[in-house]
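Per full-length UniProt numbering, the sequence shown starts with residue 1, numbered consecutively. Cβ atoms here follow ideal geometry from the backbone N, Cα and C, with glycine treated the same way. Following: one structure in structure tokens, then a few remarks.
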Amino acid sequence: GGGAAAEGPPAAKRPRAGAAPAAPAAGAEVVIEVTDKIRGTVSSFNGSFGVDIRKFFQDRESGEMRPTAKGIRLQPAEWEALLGVVQEVDAAVTGADGETAIKATEEIVVRVKVSEGGGNKSVDVRRYYVDRSDGEQKPGKKGIFLSHLEWSGVKAAATEISEALRGAAARPPAAA
């Protein structure tokens, strides 16, 4: 008896989407689910690798998860700097102060503050910029506001995200 019958339809009939996993490694991205609504995506953008921590929503029509504007893209050094202040952020989350600002880098600032409705503190990871008019450092639009639970999710996914970043950095760049 030939085993060919169990093979299924010929390869030509497979939907085009099935070809995606075979994409070249250079353009590959690694998506890590942080929570049901937050994803960490390690990918190349304009030739440099980084991690994008972003909130997603479920599209009503397609049921697919789609990115929102709420998120921040970090370069590998910025991601490492954020991991470097995790203990400080955690101390601020459990501490008595109403609000604490922790500088991960010159541009990346983590603000921990009591939510307006009370309860657990929230963690806001944001890119700051220097306002040319007054020289003050101010919060930019790029950032992500995390609940205490979501911050825990980011920490839980940190090792996986770091490994994906290291793996991405180790790959040879795509031929230009």
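Secondary structure note for A69: it is in no alpha helix (DSSP H), and the uninterrupted beta strand (DSSP E) holding it is M65 to L74. When the alpha-carbon of S122 is set against those of E160, T105 and V89, the nearest one is in V89. Under the 8 Å Cβ criterion, the stretch 62–77 does not count as touching the stretch 109–121, having fewer than three qualifying pairs. Note on T41: 16 or more other CB atoms within 10 angstroms of its CB, so buried under the neighbour-count rule.
In the three-state scheme derived from DSSP, where H, G and I count as helix and E and B as strand, E99 is classed as strand. Across the set R54, G140 and D134, the C-alpha of G140 shows the shortest separation from the C-alpha of R126.
Under the three-state reduction of DSSP output, G40 falls in the strand class.
Boundaries of the beta strand (DSSP E) around R111: I108 to V114.
Boundaries of the beta strand (DSSP E) around S122: K121 to V130. Taking the Cα positions, V93 is about 24 Å away from F56. Remark: C-beta atoms of I72 and V85 do not approach each other more closely than 8 Å.
Membership of V93 in the alpha helix (DSSP H) is indicated by the continuous run V86 to T94.
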